[in-house]
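Q:
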Amino acid sequence: MSVVKAVPVASFIILALVWLESRHLPLFIAALMAFPVVYRNVLEGIRGTSRELLEMARVFRIPLSRRLRGVDLPQVLPYFRAAADTALGLSWKAGTAAEVIGLCSGTIGERLYTAKVYFQTADLFAWTAVIVLLSVLFEGLFLRGVDALTERWCA
Numbered sequence: 005m006s007v008v009k010a011v012p013v014a015s016f017i018i019l020a021l022v023w024l025e026s027r028h029l030p031l032f033i034a035a036l037m038a039f040p041v042v043y044r045n046v047l048e049g050i051r052g053t054s055r056e057l058l059e060m061a062r063v064f065r066i067p068l069s070r071r072l073r074g075v076d077l078p079q080v081l082p083y084f085r086a087a088a089d090t091a092l093g094l095s096w097k098a099g100t101a102a103e104v105i106g107l108c109s110g111t112i113g114e115r116l117y118t119a120k121v122y123f124q125t126a127d128l129f130a131w132t133a134v135i136v137l138l139s140v141l142f143e144g145l146f147l148r149g150v151d152a153l154t155e156r157w158c159a
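Going from the sequence shown to the numbering used here is simple: count from 1 and add 4.
1) Is the Cβ-Cβ distance between VAL104 and GLY113 less than 8 Å?
2) Where does ILE66 fall in DSSP's three states?
3) Is the distance from the Cβ of ALA34 to the Cβ of ALA98 below 8 Å?
4) Does the structure place the stretch 82-90 close enough to the stretch 12-30 that three or more beta carbon pairs sit under 8 Å?
5) Indicate the three-state DSSP secondary structure (helix, strand or coil) for PRO40 in the structure shown.
6) If we ignore side chains and look at the alpha-carbon of each, how far apart do ARG44 and PHE84 end up?
7) Note down, in chain order, each residue of its chain lying with its Cβ closer than 7 Å to the Cβ of LEU77, except the 5 sequence neighbours on either side.
8) If you draw a straight line from the C-alpha of ILE17 to the C-alpha of LEU29, how long is it?
9) Which runs of the alpha helix (DSSP H) fall wholly inside the stretch 117-142 and span at least 4 residues, in chain order?
10) Have a look at THR125 and TYR117 and give me their C-alpha separation to the nearest angstrom.
11) What whole-angstrom Cβ distance do VAL13 and ILE50 have, given they're in contact under 8 Å?
12) So what does DSSP say about MET5, is it helix, strand or coil?
13) Classify ALA101 as buried or exposed, calling it buried when 16 or more other Cβ atoms lie within 10 Å of its own Cβ.
14) Would you mind working out which of PHE146, LEU58 and ALA119 sits nearest GLY74, comparing C-alpha positions?
15) For the putative contact between TRP96 and ILE135, defined by C-beta atoms under 8 Å, what is the C-beta separation to the nearest angstrom?
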């Protein structure tokens with residue numbers, strides 16, 4: 005995990021271009037950048053699961069499906085939500101960088117690159133604002149969904 009965190013995003017993008025078509029690049033890079041954050045947080049949530057609750061579930065022979073819903077998920081979902089909050093912003097940045105470097109046609113990254121090449125500062129700011137708005141919108145929707153899931157499964 006520390007290797008993924010230490011290598012610059014641009015290096016991953018350029019290396020991934022060797023194996024992937026540019027149209028697949030943004031999603032791959034976004035997932036690659038988000039994975040360590042989500043993995044580490046969820047692992048901490050699993051490690052933080054109450055031993056007493058797990059022991060109680062074992063003693064009372066609670067089925068795995070009920071234990072997952074009643075013990076494991078309530079312990080892990082707050083960690084997942086915190087990870088998602090961080091990883092989503094990171095994914096937008098990395099995905100957009102992949103679009104710019106990979107010159108993915110028909111993307112916002114391509115528009116950013118074009119604005120840079122032709123010194124169209126107004127366009128550069130406009131596309132940046134679009135990225136920020138989309139990021140805030142999708143992050144809010146995703147986190148609202150995670151919150152609803154948390155309320156439904158952990159209530």
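Every residue, glycine too, gets a C-beta built ideally from N, C-alpha and C.
A: So, to answer that:
1) yes
2) coil
3) yes
4) no
5) helix
6) 9 Å
7) TRP157 and CYS158
8) 7 Å
9) none
10) 11 Å
11) Contact doesn't hold; Cβ gap of about 28 Å is too wide.
12) coil
13) buried
14) LEU58
15) 7 Å
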